[in-house]
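Protein chains in written order, with the numbering used here: chain A, 1062 to 1835; chain B, 1062 to 1835.
Protein chains: 2
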Amino acid sequence: MRKYLLILITLSPFYLYAQQRPADLVYPLLDAANSRWFYFSSACRPFGMVNLFPDTNIGGEWDSGYRYAQDTILGFTHIHEWQLAGVSIMPVTFTDASLKSVVQNKGSHFSHKHETIKPGYHAVLLDRYSIRAELTASDRVGFHRYQFPTAGSAGVVFELGNHLGPSDILRGGFRQISDYEIQGYMVNGPTMRRPKECPVYFSTIFDKKIKSIVLYHDGILTHDIKQWDGTNGKILVILEDAANKPVLLKTGISFTSEAGAARNRTLEISHWDFDAIVKQADARWNELLSRIIIEGGTLQQQQRFYTDLWRSIQGRRIISDADGKYTDLTGKEKVIRQLPVGKDGKPQFNMYNSDAFWGAQWTLNTLWQLVYPEIAQEFCNSFLEYYKNGGLIPRGPSGGNDTFVMTGASSTPFFVSAWQKGIRGFDIKLAYEGLRKNHMPGGIMSKSGYEHNTMMGGGVQVYIEKGYVPYPLTQKQYGQHEDGAGMTLEYAYQDWTLAQLAKALHKENDYHYFLKRSTNYKNLYNPASRFIQPKDSLGKWKEPFDPLLYDNGYVEGNAAQFTWFAPHDLPGLFQLMGGNDTATARLNKQFELSAWHRFCNEHPEENPKFVSNKRTWLNYSNQPSMQVAYIFNYTGKPWLTQYWSREVVNQVFSGLSPYTGYSGEEDQGLMGTLSVLMKMGIFQMTGGCEEDPYYEIGSPLFDAVTIQLNPAFYPGKAFRIEAQHNSSMNRYIQSAILNNKPLSSFRFRHTDIVKGGSLILNMGDAPNHNWGIE
Amino acid sequence: MRKYLLILITLSPFYLYAQQRPADLVYPLLDAANSRWFYFSSACRPFGMVNLFPDTNIGGEWDSGYRYAQDTILGFTHIHEWQLAGVSIMPVTFTDASLKSVVQNKGSHFSHKHETIKPGYHAVLLDRYSIRAELTASDRVGFHRYQFPTAGSAGVVFELGNHLGPSDILRGGFRQISDYEIQGYMVNGPTMRRPKECPVYFSTIFDKKIKSIVLYHDGILTHDIKQWDGTNGKILVILEDAANKPVLLKTGISFTSEAGAARNRTLEISHWDFDAIVKQADARWNELLSRIIIEGGTLQQQQRFYTDLWRSIQGRRIISDADGKYTDLTGKEKVIRQLPVGKDGKPQFNMYNSDAFWGAQWTLNTLWQLVYPEIAQEFCNSFLEYYKNGGLIPRGPSGGNDTFVMTGASSTPFFVSAWQKGIRGFDIKLAYEGLRKNHMPGGIMSKSGYEHNTMMGGGVQVYIEKGYVPYPLTQKQYGQHEDGAGMTLEYAYQDWTLAQLAKALHKENDYHYFLKRSTNYKNLYNPASRFIQPKDSLGKWKEPFDPLLYDNGYVEGNAAQFTWFAPHDLPGLFQLMGGNDTATARLNKQFELSAWHRFCNEHPEENPKFVSNKRTWLNYSNQPSMQVAYIFNYTGKPWLTQYWSREVVNQVFSGLSPYTGYSGEEDQGLMGTLSVLMKMGIFQMTGGCEEDPYYEIGSPLFDAVTIQLNPAFYPGKAFRIEAQHNSSMNRYIQSAILNNKPLSSFRFRHTDIVKGGSLILNMGDAPNHNWGIE
């Protein structure tokens, strides 16, 4: 009888529930009411090419995919990716009378009551057909199990055309290969962001015999068809002997060819044991998630943490085949290339689709390079492959070509951080060449967002000449986000990171050259307003000045937010502002002013328009100002970092419902990773790009966090961050012990972590004004 | 150019906007997406009988009235009240061809873009008819101005039947009185809560001639009708000369008679100056809201504060006529009675409808008695009138009779608090008699929720015999909320408040009798579990025990929440628990565990079902545990009160959107008032029922709050609470000065306030463990 009280009083709330495996703590429905096309995830593996789940909305890139609040499933789609979609299929039952109407409009109501979702698995009951459908996946194969009802004929509809997520599906086709197999393709039409066609191939095998295939095209049904190619068609594959039995099917996917899809299928899943693949997927997720073990916190806090971590290792997805073949679309013609193969006969790395690393300096750089160094290394190699093919280290490649999404050379800090942390499994000479090219005219800093055909909108030439990117840049607009002040700030920071690499590689001239460029941000500091402001090509400040005006010179932000974007030279920035104390007061006031809207400029679960025109002093809904809570560490007031970073965690990254999550776009792991880092209490202001990079300490949410280090990269076994006497109120660090020695600084070094050890923080309810000052 | 920075750095954020009048800061759309029937308010006065606004849903008591997310206006309804509805009208345009379909289904789409809402005023464009409609009100009259388009005939539909909000409208009728006037009635059918019929009368005058009236009944239109009585009818009043001109109409409302409605109309608005009434309504709201003047905080914080305050002075509404006539429904027959009239010929007070004062001890008791003593006094007089008529001081009267909503003698603390604060304008002898009766068999403590016909479910007889109300009480259920543990806790606290009044009135025997009863809560403290638990009539604890199980012995709460319900004897409670430190640790842990769901057991803007079965350790969505943040003051840890009360304000009472607000039901000013008090930083644990009552200090949200005292009641002019160096982080009190003398206690006395003066708090970012200890 006393147990509840004991629980309440004596023990950590952690013990309110049996200790659970990290994979079991993931809550896949987080933010699912606000999904964009590729946000959701269930039947897939980490970075898997296949990201299979039911769509409730297939129209458009935003507000599509699995939208929790909608009640109709339109199909199970295998590719949900940055600018890519494909292979949407749906089991149906029908009679002769209903066949046509079912094929025309196959959507089925469903209820969340009859749905089970976990990493690697999705089960749902299709009410209209009384079909229980289960989905799982390997990296490149979607594995389906359908329990059909006793009544009606059973079949599976394959969409070969129409529109799907971001793409018009221009055309498609299929052929029946055997009594049990079909294969085919569909072509993602060009989008403004991905201007080249991108075909997706599939190869499907059933465990029940195909009875016949019906084509639906142009309003007409054609029975007993064996192959077809055309526009806007769909087929119904009718199965024999399916009633009241489980029907299994496996669909291999490839971007190279139908043969590639078939090979992926047979290489990855050679058997029919559905449950084994569910288990495998779960084990793989759990393995990666278990690299970080947390103790303490409430059940919900633990669930949210592992959900955030789960988000950080997906989104960006494999596009190469299991045998290492991939499609290179960087040139005029599509070319199939082969990745280098190791002694084991397997490709040494995969090729990836990826939204830009815009904001990765404060997120993925820290998490991947430390906890998943093999992933960081793989992405470096993948990006170098693009460089070899197309001549540029990319900024958000999709389907084998760059989309040039966002601005700047956002891959530079990622590479530099990897190198500085001792990740060596990529060609650094080639990398430096490519990165350097990106920072010069003709490189990616010449390109604005989605600027595919010209090298103008990035303005790096003017930046080199004048020391800033003017706003407006020219009369003409070449791409998106041609916001000179924002670009200048990014370039200056990225120049600094490249300078660090130049230094590490003993390229003294380059080091000095890029270091000098890295001070360019100062050219846009207006001493009159004391904000960073856009300046036109004649050197005139943009008038009238409005610190809260969104865009208009700032890339998805405003002056209030972007003025803090000099992470590589905070002392310099503070000096411009009039000293550390003025900087502290300004930023603290901005936090106070942002508290009412919970530090975000949108909250989809509330009224999306409520913060009108995104006029906010800070914004944790997006990347441009996500470092701000950690700036106080550098103004000499680390307790303000501790206070506000915890406040942001509480207010922004605490919800656990389909209606809340990231208060904007999660952006393929960026916001999830930010949440993970803030909850661990570590951060890297410079993106971890200096020699033996610093980690700065915030205010951990949990009693303890243990990072299991990857032995192939780091000598230590584990690093443990302990926050003693931690609580919502006890968010202030009183003292710290790093690897058994007192630590008085707010930061420590990469080598302090990777040799293994611990950071023990003593937390209290009051700021210790003497701790953490350098 | 420097102004933005100056704003940001030097000045309070208050100056980011011109100082606004309190009435202009009210945001009427708060929580409007989650409205229940009587929640919303626009065209009405404080406590006004008329609460006129457009309905978007008329079906049911919950989820009805003005629901922000719905797009169709179904009518402008004058009565939105606790268990009452009535007089729904709608301007329409029509042609001969469309007349019937318009009358049948008159709903019109509208858009929030073409809508203006402020205290006392509502304007909206009816898209279907292109009619711009404006609404305002005096206490008992709805005043409408419609701008009709040029095309079509113009008319106004009156609903005389059907269903409206909580009520079936049993029957209705009208008669045309003159070329410009009609009057009529409709009868609210009985509900489970209000079992007697309650008619509502109206008297409408137009400023345009009535051309003819069409009746719609039973699917048939009858033209040129002058009067009618029946079931489920509606009429269309067709107006002459209305096209493209403003049409005005005034509708007087009464619960006594059509003549009463006409009299209310002519007494309150004798002219046709619509704008003047809008101004008057606004001035009245502003006058009451200006009793509290705040400084500092963000614009949103100020808006939310005045919105909360605005909620605190409405909801409960006048039911008596302007001349003092009212309907007494306490007996078998309806009787029209007359309120006492003063020398000015006006009634000395009004009669009120009111949800129960269940929870008022921690909300209205403090706010009204201090800031609006004239309102507190009026409610005392109104409740005594019910006592004179029906023999019981009521618990949630509606339409002239008691509903017996909720449990206990919740009016007792309200009366006692008024008396102890020096409010003398009611008959204390009569009041004591009525209150005492309520605490004995045959009084309201004999009745459970909505127990209209028996005196069993309240269990006070058993409570007196055994020292607790058993759960279950008997085999039979007599009403709602027969939750013995919750009732015992309430009764014990209410007994203590009655004992205080007995003491003040020198009734020594009663004092000791009720004081002894007030320790009854201890009888349900189970030393084994250390929680308050339900016990059956044989003295056996209910098994199995589950501290989070909702209801089942607790009234809208659970053991975790209700165990803290001994506000009158916290030292006694702490002693049972094992001392102050154990109590502190337990409650602090409950707060920590409640942080993830933001201290509420529902969040309508998210997934309402997310906190499953309301299993929460604390709950700020409802009344039973709303005192908890202030308990730490009494455990000797006032800084925990400061921390958690601010945390609750931040997380629960900060939103300002139609989708957020009170995370549950606002309950006619209860939750709004709690928010006001917490933001002012004052609270009364005992409901202010001891002699010269205490106010305890929390952590004010604003830099300063000034209460303008009512000179008819209190000698001082104003009392000012200043929080110097206040900020989100600086939520801890370092030191305090009360009326120019250092204050080391966490509390002070009523006389310290009402003589006028100030409380100056010096705030800081760390707890001062030496301040506030007694």
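A virtual CB, placed ideally from N, CA and C, is assigned to each residue, including glycine.
If you look at GLN1237/A, you'll find it in the beta strand (DSSP E) that goes 1228-1237. A Cβ-Cβ distance of about 16 Å is found for the pair LEU1400/A and SER1415/A, leaving them out of contact under the 8 Å criterion.
Every unbroken stretch of the beta strand (DSSP E) spanning 3 or more residues and falling wholly within the stretch 1366-1419 of chain B is given here in chain order: 1386-1389 and 1396-1399.
Taken through DSSP and simplified to helix, strand or coil, CYS1441/A comes out as helix.
At least 7 Å separates the CB of MET1638/A from every CB of chain B. Counting only Cβ-Cβ distances below 8 Å, ASP1826/B has contacts in chain A at TRP1700, TYR1704, ALA1827 and PRO1828, in chain order. PRO1434/B counts as buried, since no fewer than 16 other beta carbons sit within 10 angstroms of its beta carbon. In the DSSP assignment, PRO1828/A forms no beta bridge with any residue. Cα atoms of LYS1386/A and ASP1268/A: separation of roughly 28 Å, rounded to the nearest angstrom. For GLY1742/B, there is no enclosing beta strand (DSSP E), since its DSSP letter is neither H nor E. For GLU1653/A, the chain B residues whose Cβ falls inside 8 Å of its Cβ are PRO1074, THR1359, SER1788 and SER1789, in order along the chain.
Counting C-beta pairs closer than 8 Å gives three or more between the stretch 1640-1655 of chain A and the stretch 1692-1708 of chain A, which meets the contact rule. Among the residues of chain B, none has a CB under 7 Å from the CB of GLN1795/A; the nearest is roughly 11 Å distant. In the DSSP annotation of this structure, the continuous segment of the beta strand (DSSP E) that includes THR1177/A starts and ends at 1176-1179. Contact between LYS1596/A and TYR1532/A is confirmed by a C-beta separation of about 7 Å, below the 8 Å threshold. Nearest CB-CB separation between ALA1765/B and chain A: not below the 7 Å threshold. Interface annotation for the stretch 1703-1724 of chain A against chain B: TYR1704, TRP1705, GLU1708, ASN1711, GLN1712, SER1715, GLY1716, LEU1717, SER1718, PRO1719, TYR1720 and THR1721, criterion Cβ-Cβ distance under 9 Å. Contact of GLN1362/A with chain B by beta-carbon distance below 8 Å involves TRP1657. Of the other Cβ atoms in all chains shown, 16 or more fall within 10 Å of the Cβ of ASN1249/A; this residue is therefore buried.
Assignment of ASN1587/A by DSSP, reduced to helix, strand and coil, places it in the strand class. For a cut-off of 8 Å, the C-beta gap from THR1197/A to ALA1104/A is around 5 Å, short enough to register as a contact.
When the beta-carbon positions are compared, ARG1792/B and ARG1676/B stay at least 7 Å from each other.
The residues PHE1660, TYR1681, ALA1690 and MET1739, in chain order, have a CB closer than 8 Å to that of VAL1709/A in the same chain once the five nearest residues on each side in sequence are set aside.
Around SER1228/A, the same chain offers ALA1146, ASN1249 and GLY1250 as residues with beta carbons nearer than 6 Å, after the five sequence neighbours per side are excluded. According to the DSSP assignment, MET1517/B belongs to no alpha helix (DSSP H), since it is labelled neither H nor E.
Following the DSSP letters along the chain, one finds ALA1797/A inside the beta strand (DSSP E) bounded by residues 1793-1799. ASP1753/A sits exposed, since fewer than 16 C-beta atoms from the chains shown fall within 10 Å of its C-beta.
Around the Cβ of ARG1201/B, a 10 Å sphere holds 16 or more other Cβ atoms; the residue is buried.
Using a Cβ distance threshold of 7 Å, PRO1761/B and SER1351/B do not count as a contacting pair. Beyond the five residues adjoining it in sequence on each side, ALA1094/A comes within less than 6 Å, by CB distance, of TYR1129, ALA1130, PRO1719 and TYR1720 in the same chain, given in chain order. Partner residues in the beta bridge of LEU1186/A, as assigned by DSSP, are ARG1193/A.
Ranked by Cα distance from PRO1408/A, the first of GLU1394/A, ILE1379/A and LEU1390/A is ILE1379/A. Going by beta carbons, TRP1098/B and GLY1226/B fall inside the 7 Å limit. Excluding sequence positions up to five before and after PHE1440/A, its CB lies within less than 8 Å of the CB of ARG1377, TYR1413, SER1415, TRP1429 and PHE1475, all in the same chain and listed in chain order.
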